[in-house]
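Chemist: Chains as they are written, first to last, in the working numbering: chain W, 1 to 340; chain H, 1 to 340; chain A, 1 to 497; chain G, 1 to 292.
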Amino acid sequence: MTDMTQLQPHEGKGIRIPAEAGIAFVLLVVMIAGAIASPNFLTLSNMFVLLLNGAVIGFLCLGQSFVLFTGGIDLSCGSVVAMTCVLAAVFMEYVGLPWPVAAVLVLGFGALAGALNGVIIDKTGVPPFIVTFAMMGVAASVPQIITGAESIRVMDFGYRFIGQFKLFGIPFPVIALAVAVVAAATFIKRTVTGTHIFAVGGNVEAARLAGVNTSRITILVYAISGFCGACGGLIYGSRLMTGYPTAGRGDELFFSIAGAVVGGVSLFGGIGSIWGAMIGATLIATISNLMNVLNVSAYWQPLVIGVIILVGVTFDTMRSSSRLSLPWVALLKRKFSASA
Amino acid sequence: MTDMTQLQPHEGKGIRIPAEAGIAFVLLVVMIAGAIASPNFLTLSNMFVLLLNGAVIGFLCLGQSFVLFTGGIDLSCGSVVAMTCVLAAVFMEYVGLPWPVAAVLVLGFGALAGALNGVIIDKTGVPPFIVTFAMMGVAASVPQIITGAESIRVMDFGYRFIGQFKLFGIPFPVIALAVAVVAAATFIKRTVTGTHIFAVGGNVEAARLAGVNTSRITILVYAISGFCGACGGLIYGSRLMTGYPTAGRGDELFFSIAGAVVGGVSLFGGIGSIWGAMIGATLIATISNLMNVLNVSAYWQPLVIGVIILVGVTFDTMRSSSRLSLPWVALLKRKFSASA
Amino acid sequence: MSSYKAEGITKSFSGVGVLHGIDFEVRPGTIHGLFGHNGAGKSTLLKILAGAQPQDDGVLTVDGGVVQLASPREALAQGIGCVYQELRLIPNLTVAENLFLGREVTLGGFKCTAEMKNYSKTLLASYGLNIDVTRTVKGLSHPEKQLIEVIANLEGKARFLFLDEPTTALDGNQSTELLAHVRRIALERNIGVVLVSHKLDEVLTVCDEATVLSGGRVVYYAAGTDVSKQAIVDAIVGDAHGKHIAAQREARAVGDVFLRVQGLAGKRLKGADIEARRGEVLGLYGLVGSGRTRFLRTLYGMEPVVAGTIEIAGKPYQPTNPKHAIGSGIAFLTEERKIDGFIPLMSSFQNVVLSTLIKYRRNGFVDIAGARAAAQRTLTSIGTRGRLDAPTKSLSGGNQQKVLLGRIIEQNANLVLLDEPTKGVDIGAKSDIYGIIRRLVDEGRCIVVVSSEEEELVEICDRIAIFQHGYCTTEPKPVGEWSLAKLREAAWAPAAA
Amino acid sequence: QDKKVLGVALPNLTNPYYVAMKKSFEENGAKQGFEVRVLIADNDDAKQLSQVQTMIQQGVNAVALNCVSSGPCVASVSELNQAKVPVFTINLLPDPAGLKAENLKVEQAVQTDQKAGGVYIGKQLLKDIGADGKAVVGIVGEPTSVAANARDDGFKEALASNPNVKFVALVNGKVEETTSLKVTTEMLQGHPDITVVYSDTEPSALGAIAAIQQLGRDDVKLYAFVDKLGVKHIEDNSILKAGAIQEPAKLAQIQVENIKKFLNGEKLEPIIDSPPLLVNKDNAAETVDKAY
Ligand SMILES: Nc1ncnc2c1ncn2[C@@H]1O[C@H](COP(=O)(O)OP(=O)(O)OP(=O)(O)O)[C@@H](O)[C@H]1O
Ligand SMILES: Nc1ncnc2c1ncn2[C@@H]1O[C@H](COP(=O)(O)OP(=O)(O)OP(=O)(O)O)[C@@H](O)[C@H]1O
Ligand SMILES: [Mg+2]
Ligand SMILES: [Mg+2]
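The following block contains the structure:
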């Protein structure tokens, strides 16, 4: 769980293995297997490609995690990507705004769409599934209505910065995601609101009774998810220098949820961590990159990704429920307690 | 022992309005609106078309409801449609089995795939989301691998029966679905297993402690969902007389969940009814039929369906939480209590 | 020789030993009382006996034959049933369905719904419960749920029945009657019963044998006339608390009126006129369902106010929501800790400081170490045992209750509303809690306590008021004018309004 | 010596069109001595871009690129140009304006003229009903794809001369049999006066045939882009009256051969046009082998 548990256990003896270790280990295994299978896989440049291509799913997964922590679900995040991607192009090309203004405006729009989800869920008590389903429809339709099937080419070349700029060889979206993840993890762990998010997910009635402003938390998490969706829209838009209405409407929604769940976030709320979710998303991005690098047949890809993830999560689940014990864990434990 | 409590007498008077009434009312309103908007909507032939086109989603929603009642989720049902659709064609065309044998075999395969989901979930404790995600991948890959993504034309014309036969003008899939729904509702309501399904969804630990065989229930509900997926595969296959690997891999999965949720089934388990889920699925089928009958632009369709469903469910939620009262309900109540 | 016997039972959770070689025996037709401090391992022992958890080591034998219980289902099949400490009803099933869960009556594969309904109705009526058996359990009051669960298990075909704190939510009358039922059924049907409770007086009247656990070991056993209350108390309290001293009551200077409620009514509350003063403990007594819980929840902003006025320290107060109530200096302890008490997966430290986290904020970030230290201090002061940095749900029931009390203490509120504060708490800690209540009052705070334990009210309250049918209109009387009998009599008297 | 590697980026494999194209790439690639790597974008532009990047990582020698959609596809070309990997586009081409704006280079484009196919079919319909014959047309299209819309435009253009042809409905068949079966039935329910259905993709056509058949609407005729099965239906002359076939296998073959030439230093035509073929009941029997 979150914060205070990370403090030294007062018994003192033994080290505590973080809950994320299991799935991180799975990721490591996949990486090593990939490196053995192809010399092109574990290169610095391919790692950046992997992370760059995973950045949008990473952002969505980040936002989705906040929502899942409270026991909600956000089906609209993929469509928000589409909407914001087109809106950004509209602002630059049709309205004529400079790209930084357009970008900020679009982030605001994303957060607003998310907040609207939150407000409706909070005020009406309609299940998040339905509310965000409706928002998914709306956010999917808006760009199609604006552009038809066409896409809008962006001619403001400064816009490239977001998706294509590199700092010391690291693509900007990767840097932005890293910053966002650290900020989010700190926020969740170290602030009052972060604890309250988990309280709402753990038991909403108890949280309310303990004085948590549950409405505010609900609106906040959906707004964060919407904001993350807008980040995704900008990244796609800028990488392709186009506003196109199918952006983010593929596997993105699905993988954003799957990444979080693989990383140990519960669909029922109150369980999981940002780090876990990000490791989960990275795992999915890695497998999907690896399959392309190894040229796995498209027919086999769904099977391969499904089976690897199932095996990985099963291993993780068994480990944490200690139906299975890892030799290296026992070893580490022995070593630490010896030196203590 | 004398009455020692001072709890308010639990009202026995008045009629109890079934929980499904709200969403049924929404369906009615949509129907009436449709009839006003187009003379071609509320015709008997269009109703059959609507039901026939909705039959596969209806079957999936039926199976999904069983799973949702226990607090699980089945992401693999759409892919099971694809797998069974192709398998049926393979059995008939390549193996040379007569169509009824192929059909029965395929139903068994569907149930088996579902049962496998259930067994893994039960034995490993891995979240259903992950297990059925893996099964989704496997069931999507299998037909592609078998056929190389090509479709198999079925030449055994008897196979037409399943999807194209009509009894007194009613398409066979509609009759089959109706029978299945009645059987399912009876099963849930009238058998011990039905009660146990809800008990597992309401509180799995409590159910276990009360002596419910939770493993059996888990395996059973996923097997039912797989079986329903196979029904879908046969219907699609027989309507097009083809086994093709993209069957059921569109909106089907999503609508199967959405239909149930719209009809009042909770994603958290233990709440809802078969009838509610079926009304929800019908509502979705109706809106989607209506939009094509009225020739609503494809660009607007996601928005329209999202908004109608949101408004409908909001109305339903508010009604049942009595933040809103219907004039006709008050009227009915008055009438009944007067005559009593 | 017919009995259910456990020998050398050990159990540990993630390396922490909870039971260290327990020997225990239940004989048909007798009631065996099981006692011990919070976290002593009573519930764990029962779960092992009932097949809900596997033991690490040790053997279970029924009638001399070794039994392996892989699940509660198998235990039930062997005639071993259990009512667990945490209520185990399925909220969205009906009362009748819950009563028959796991042992439904069927005919040709179908449930005999009507038969089960009718039987449930008569059954509940025979226990004095007037409940529509087709309602879902979700909407019932806490005491009703507890009664239903116990009744359901008494009705089963069990030869051995374990009851883990079955009377915590019930009032004195109800628990006496329920235990009398248990006694009767045990004798009539030759059932072996194990009864876990912290209400010694109540239980000892029906027990044939008594065992006390302490720290996962049997420290006391006696049967028949050898059973001595004082010895049990000593065994429970052990050295940790020294001798259990009856609380000292001294006259306090009572301050001016702090809480003034006039004609307060809500959707479910009819009318309450109550005044509570600074430096006083005001007790609220009434039968189950008389409106005490509703009154507290209304004050705390959990239920809407329809009519009436509230003043706190002379200023008008309009409850809107719990956050606002906390901001107005009110703290509230809920009756059902599992429903809206603690966050199950958060650590006990987090649960304690949940309402007061803001206090530990430095530059926008929570001082985690500081918050944790404060929480630990509070929890230690009320003798909380168990892994406090692990999820609260893994604590024993009584310790969970202490975590919630810890939150109340943390809040440092001026008006403290306590609904059944010592539910499931052991006798040692109880006196600690009474001490804390007294300390809070001495600091000039105002405390309102709802309790179904008359002894508790008489021991800690300065004045006691009576609720009846959702009303509280009579002036509270000083505790000196009340006795247990008088309290019951007043609660039973015909409604004033 | 190492084989040259040819990367092929295709939009999906749910449309048999691309399945046929993929096979042809693999077969002809092998024939020309390439190692062929095919990546499928699942209709996702961003995914296609990332797959192109993966190919660059793998060091392919040339890329055959079938855009998911034209606008976003420019970015993939841009990446390949930067990495100095020669790009050959096929079927659906990147937006020419975008290429020009960024000064990007495509070695050779093998294109199908989407619009031309629609025009052919439209002309055939005009011939069938007569210059001022009546027709009420419903389209089973894919309004969210520019290519499909171009086919519709061509079809409408060819019929513009006849004032008695009315277009009353457009539904989204999503290039998929079951969806098409569903929406076609619903379109016919909503507009019982429809006499001609036009389907702009091959899978939709199959769904539309089943829909018309199963509604028992013998009076409705279908015109559509067709595959082999469709051609057989035209031959039977029942519901499907005429259509256009595309030749994905041929496109791929031409492209592979030209890539081989390019890598051997030959100069290439910048654009090769491969218009669809018109199929009607007269030539159906001969054409059937050309269809995929
Ligand atoms: N599932 C679990 N995981 C970890 N620790 C547990 C678990 N269940 C019980 N414990 C621990 O075992 C110890 C004994 O708990 P148990 O519930 O048996 O106590 P108890 O005697 O019933 O106490 P109480 O009177 O408070 O109900 C406690 O320290 C508790 O924290
Ligand atoms: N807002 C609410 N609306 C409807 N029912 C509620 C509400 N809140 C609680 N309940 C249910 O009603 C039950 C009966 O109310 P409650 O126990 O609060 O009665 P009470 O009269 O205050 O009891 P007591 O006097 O014994 O404390 C509660 O236990 C709970 O299950
Ligand atoms: Mg206990
Ligand atoms: Mg109460």
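We put the CB at the ideal spot given by N, CA and C, even for glycine.
Runs of 3 residues minimum, wholly inside the segment 189-250 of chain G: which ones carry the beta strand (DSSP E) assignment?
Modeler: Counting whole runs of 3 or more residues, the segment 189-250 of chain G contains the beta strand (DSSP E) stretches 196-199, 221-226, 240-245.
Chemist: Taking contact to mean 3 or more Cβ pairs, one atom from each stretch, closer than 8 Å, check whether the segment 260-279 of chain H and the segment 180-194 of chain H are in contact.
Modeler: A contact exists between the segment 260-279 of chain H and the segment 180-194 of chain H.
Chemist: Can you name, in chain order, every residue of its own chain whose Cβ lies under 7 Å from the Cβ of G158 (chain W), other than the five neighbours on each side?
Modeler: Position 158 of the first sequence holds residue 158 (chain W). If we look at G158 (chain W) and ignore the five residues flanking it on each side, its Cβ neighbours are W99.
Chemist: What I want to know is whether the C-beta of F24 (chain A) ends up closer than 6 Å to one or more non-hydrogen atoms of ligand 1.
Modeler: Position 24 of the third sequence, counting from 1, holds the residue named residue 24 (chain A). No, since every heavy atom of ligand 1 falls outside the 6 Å radius drawn around the Cβ of F24 (chain A).
Chemist: The segment 28-50 of chain H: which residues have C-beta closer than 8 Å to a C-beta of chain W, in chain order?
Modeler: Listed by position along the chain: nothing, the set is empty.
Chemist: Output the residues surrounding ligand 1, defined as those with a CB atom closer than 5 Å to any ligand heavy atom, in chain order.
Modeler: Ordered along the chain, the selected set is A:F13, A:V18, A:N38, A:G39, A:A40, A:G41, A:K42, A:S43, A:T44, A:G386, A:S394, A:L395, A:S396, A:G397, A:G398.
Chemist: In angstroms, rounded to a whole number, what distance separates the CA positions of E74 (chain A) and D389 (chain A)?
Modeler: Here the question's residue 74 (chain A) lines up with position 74 in the third sequence. Here the question's residue 389 (chain A) lines up with position 389 in the third sequence. Roughly 34 Å separates the two Cα atoms.
Chemist: Any heavy atom of ligand 3 closer than 6 Å to the Cβ of Q53 (chain A)?
Modeler: As a first step, residue 53 (chain A) must be located in the third sequence, where it is residue number 53. Not under cutoff, so the answer is no.
Chemist: Measure the beta-carbon distance from I90 (chain G) to A64 (chain G) and round it to whole angstroms, keeping in mind my assumption that it falls under 8 Å.
Modeler: Here residue 90 (chain G) refers to the residue found at position 90 of the fourth sequence. Here residue 64 (chain G) refers to the residue found at position 64 of the fourth sequence. Yes, they are in contact, since the Cβ atoms of I90 (chain G) and A64 (chain G) sit about 6 Å apart, within 8 Å.
Chemist: Does G139 (chain A) pass the burial test, meaning 16 or more other C-beta atoms within 10 Å, or should it be called exposed?
Modeler: In the third sequence, the residue the question calls residue 139 (chain A) occupies position 139. So G139 (chain A) ends up on the exposed side.
Chemist: For a contact defined as C-beta to C-beta under 8 Å, what are the partners of N43 (chain G) on chain W?
Modeler: As a position in the fourth sequence, residue 43 (chain G) is number 43, starting the count at 1. T246, G250, listed in chain order.
Chemist: Among the residues of its own chain, which have a CB less than 6 Å from the CB of L487 (chain A), if the five just before and after it don't count?
Modeler: Residue mapping note: residue 487 (chain A) aligns to position 487 of the third sequence, counting from 1. Within the same chain, L487 (chain A) has close Cβ partners Y285, E454.
Chemist: Please indicate yes or no: does the CB of E456 (chain A) lie closer than 6 Å to some heavy atom of ligand 5?
Modeler: Among the ligands modelled here, namely ligand 1, ligand 2, ligand 3 and ligand 4, ligand 5 does not occur.
Chemist: Of all Cβ atoms in chain W, is any one closer than 7 Å to the Cβ of A140 (chain H)?
Modeler: Along the second sequence, read from residue 1 onward, the residue named residue 140 (chain H) stands at position 140. Answer yes: the Cβ-Cβ gap between A140 (chain H) and chain W drops below 7 Å somewhere.
Chemist: Is Y236 (chain H) close to chain G, meaning its C-beta is less than 7 Å from at least one C-beta of that chain?
Modeler: Start at 1 with the first residue of the second sequence, and residue 236 (chain H) comes out as number 236. Output row for Y236 (chain H): interface = yes.
Chemist: What in chain H is Cβ-close to A169 (chain G), meaning under 9 Å?
Modeler: Working through the fourth sequence from its first residue, we reach residue 169 (chain G) at position 169. Near A169 (chain G) (Cβ distances below 9 Å), the residues of chain H are N292, N295.
Chemist: Does any CB atom of chain C fall closer than 7 Å to the CB of L303 (chain H)?
Modeler: Protein chains W, H, A and G are contained in the structure displayed, whereas chain C is not.
Chemist: With respect to the beta strand (DSSP E) encompassing D273 (chain A), which residues constitute its N-terminal and C-terminal limits?
Modeler: Walking along the third sequence from the start, residue 273 (chain A) turns up at place 273. Residues 271-277.
Chemist: Between the C-alpha atoms of I245 (chain A) and I436 (chain A), what's the straight-line distance to the nearest angstrom?
Modeler: Position 245 of the third sequence, counting from 1, holds the residue named residue 245 (chain A). Position 436 of the third sequence, counting from 1, holds the residue named residue 436 (chain A). Residue placement at I245 (chain A) is flagged as unreliable, the pLDDT there being 46, under the threshold of 50; the coordinate-derived value follows with that caveat. Going from the Cα of I245 (chain A) to the Cα of I436 (chain A) covers about 15 Å.
Chemist: Once you ignore the five residues that flank F129 (chain W) on each side, which residues in its own chain have a CB closer than 8 Å to its CB?
Modeler: Residue mapping note: residue 129 (chain W) aligns to position 129 of the first sequence, counting from 1. Around F129 (chain W): I73, L75.
Chemist: CB-CB under 8 Å to V67 (chain A), same chain, minus the five flanking residues each way: which ones, in chain order?
Modeler: Mapped onto the third sequence, residue 67 (chain A) falls at position 67. Excluding residues within five positions, the ones whose Cβ falls inside 8 Å are L60, T61, Q78.
Chemist: List the residues that DSSP assigns as beta-bridge partners of S12 (chain A).
Modeler: For the purposes of this step, residue 12 (chain A) is identified with residue 12 of the third sequence, where counting begins at 1. Answer is A:G17, bridged to S12 (chain A).
Chemist: In three-state terms, what does DSSP make of L99 (chain A)?
Modeler: Position 99 of the third sequence, counted from the first residue, corresponds to residue 99 (chain A). L99 (chain A): helix per DSSP, three-state reduction.
Chemist: Does the Cβ-Cβ distance between L303 (chain W) and S141 (chain H) come in under 7 Å?
Modeler: Residue mapping note: residue 303 (chain W) aligns to position 303 of the first sequence, counting from 1. Residue mapping note: residue 141 (chain H) aligns to position 141 of the second sequence, counting from 1. The answer is yes: Cβ separation under 7 Å.
Chemist: Does the beta carbon of S451 (chain A) sit closer than 7 Å to a beta carbon anywhere in chain W?
Modeler: Taking the third sequence and counting its residues from 1, the one referred to as residue 451 (chain A) is at position 451. With 7 Å as the cut-off, S451 (chain A) does not count as an interface residue toward chain W.
Chemist: Tell me where the alpha helix (DSSP H) around C228 (chain H) begins and ends.
Modeler: In the second sequence, the residue the question calls residue 228 (chain H) occupies position 228. C228 (chain H) -> alpha helix (DSSP H) spans 214-240.
Chemist: Under a Cβ-count criterion, where at least 16 other Cβ atoms within 10 Å of its own Cβ denotes burial, should S321 (chain H) be classed as buried or exposed?
Modeler: Position 321 of the second sequence, counted from the start, is the residue given in the question as residue 321 (chain H). Per the 10 Å Cβ criterion, exposed.
Chemist: DSSP puts L213 (chain A) in a beta bridge; with which residues?
Modeler: Indexing the third sequence from 1 puts residue 213 (chain A) at position 213. According to DSSP, L213 (chain A) bridges with A:G36, A:V218.
Chemist: For the beta strand (DSSP E) that R37 (chain G) lies in, which residues bound it at each end?
Modeler: Taking the fourth sequence and counting its residues from 1, the one referred to as residue 37 (chain G) is at position 37. Its beta strand (DSSP E) spans residues 34-40.
Chemist: Got a sec, what are the start and stop residues for the beta strand (DSSP E) Q68 (chain A) sits in?
Modeler: On the third sequence, residue 68 (chain A) is found 68 positions in, with the first residue counted as 1. Run containing Q68 (chain A): none; DSSP gives neither H nor E here.
Chemist: Could you please tell me which residues of the segment 142-176 of chain W, in chain order, have their CB closer than 7 Å to any CB of chain G?
Modeler: Against chain G - using a Cβ distance shorter than 7 Å - the residues of the segment 142-176 of chain W are Q144, A149, E150, S151, R153, M155.
Chemist: Closest to V305 (chain A) by CA distance: which of A:T320, A:G81, A:G444, A:A313 is it?
Modeler: Counting from 1 along the third sequence, the entry for residue 305 (chain A) is found at position 305. For V305 (chain A), the nearest C-alpha among the options comes from A:T320.
Chemist: Buried or exposed: where does F109 (chain W) fall if 16 or more other Cβ atoms within 10 Å of its Cβ makes it buried?
Modeler: Position 109 of the first sequence, counting from 1, holds the residue named residue 109 (chain W). Buried, by the Cβ-count rule.
Chemist: Any residues in the segment 261-287 of chain W with a beta carbon nearer than 8 Å to a beta carbon of chain A? Which ones, in chain order?
Modeler: Going along the segment 261-287 of chain W in chain order, one finds G270, I271 with a Cβ nearer than 8 Å to chain A.
Chemist: Can you check whether the C-beta of G209 (chain H) is within less than 7 Å of a C-beta belonging to chain A?
Modeler: Mapped onto the second sequence, residue 209 (chain H) falls at position 209. For clarity, residue 209 (chain H) is Leu in the given sequence; the question names Gly instead. Output row for L209 (chain H): interface = yes.
Chemist: Counting only Cβ-Cβ distances shorter than 9 Å, please list the residues of the segment 270-285 of chain G near chain H, keeping chain order.
Modeler: The segment 270-285 of chain G vs chain H, Cβ under 9 Å: nothing.
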